[in-house]
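The sequence shown begins at 181 in this note's numbering and counts up by one.
Presented below is the structure to which this report refers.
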Amino acid sequence: MKDVEVILGEELAKHFSLQVDLRVYEDLLVKLEKGDEHKMCHLGRVSLKSPTMVMINFADNPAAIKWAKLAIQKSYLNVTPQHEGVVLYLPVPRMTRDGREQLAHDAKGKIFNEYKKALNDIYVRFEKKSSQSSTKPDEERHTRQLLLDLKHAMETKGAELIETKRKELLTEMA
């Protein structure tokens with residue numbers, strides 16, 4: 181469960197930041213013509229050309245430009261890629277107060293739901309293990325209650341962390 185909490189922290193840093201984070205572009209999944217999916221960083225070199233422009237160089241894999249452009253347009257990034265040779269240029273949108281509020285709202289719902297789902301998966305896995313290994317019903321019930329309490333504590337801690345990051349984002353000036 182601690183690993184899930186670390187992942188939550190990384191996701192919050194990625195989504196609740198006003199500065200350009202290239203990991204958002206690098207981790208974008210691109211579905212190629214054959215149907216297989218790859219991260220953008222495996223298909224092209226993602227770099228920051230200027231504080232307002234991200235550049236993705238597809239010199240090593242020019243056939244993936246079309247699919248990468250399509251993936252960017254369908255993503256939540258709200259950018260329109262500009263294609264020039266084997267390079268895609270992505271303007272970084274200016275962050276307004278409304279944009280920050282929308283970012284905070286969307287990230288809170290999406291990230292927290294994924295976090296709770298991961299905790300539930302862990303709970304179910306360990307609950308099955310404990311029910312198989314214990315022979316006494318009281319011991320099984322006690323273990324289940326301990327797992328449930330830990331899960332609820334982690335959910336509460338995650339909600340507090342998300343709320344703290346959300347308040348930070350809304351008070352920062354772009």
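Ideal Cβ positions, reconstructed from N, Cα and C, are used throughout, including at glycine.
Since the model is a prediction, treat every value here as computed from it, not as a measurement.
Asked, Found
"Own chain residues within Cβ distance below 6 Å of Leu-270, not counting five before or after", "Val-234, Val-259, Pro-261"
"Per-residue burial, Arg-280 [other beta carbons within 10 Å of its own, 16 or more giving buried]", "buried"
"Among His-332, Ser-310, Ala-333, nearest to His-322 - alpha-carbon criterion", "Ser-310"
"Ile-291 vs Glu-191 beta-carbon contact at 8 Å", "yes"
"Any non-hydrogen atom of the ligand COA closer than 7 Å to His-285 Cβ", "Among the components of this structure there are no ligands whatsoever, and the ligand COA is therefore not found."
"Pro-317 - containing alpha helix (DSSP H), residue span", "317-351"
"Ile-236 versus Met-334, Tyr-205, Thr-336, Leu-326, residue with shortest Cα-Cα distance", "Tyr-205"
"Given 8 Å, three or more beta-carbon pairs between the stretch 287-304 and the stretch 335-344", "yes"
"8 Å Cβ cutoff met for Ala-251 and Val-210", "yes"
"Contacting residues, own chain, Cβ-Cβ under 7 Å from Ala-339 (five flanking each side not counted)", "Phe-292"
"Beta strand (DSSP E) segment containing Lys-211, residue limits", "209-211"
"As assigned by DSSP and simplified to three states, the class of Tyr-256", "coil"
"Residue burial classification, Val-186 (beta-carbon count within 10 angstroms, cutoff 16)", "exposed"
"For Ser-227, three-class secondary structure by DSSP", "strand"
"Cβ-based burial, Val-226 [other Cβ within 10 Å; buried from 16]", "buried"
"Endpoints, the beta strand (DSSP E) within which Lys-219 is located", "217-219"
"Option in Met-275, Leu-341, Arg-324 with minimal Cα separation from Thr-232", "Met-275"
"Those residues which DSSP pairs with Ile-236 across a bridge", "Val-226, Leu-268"
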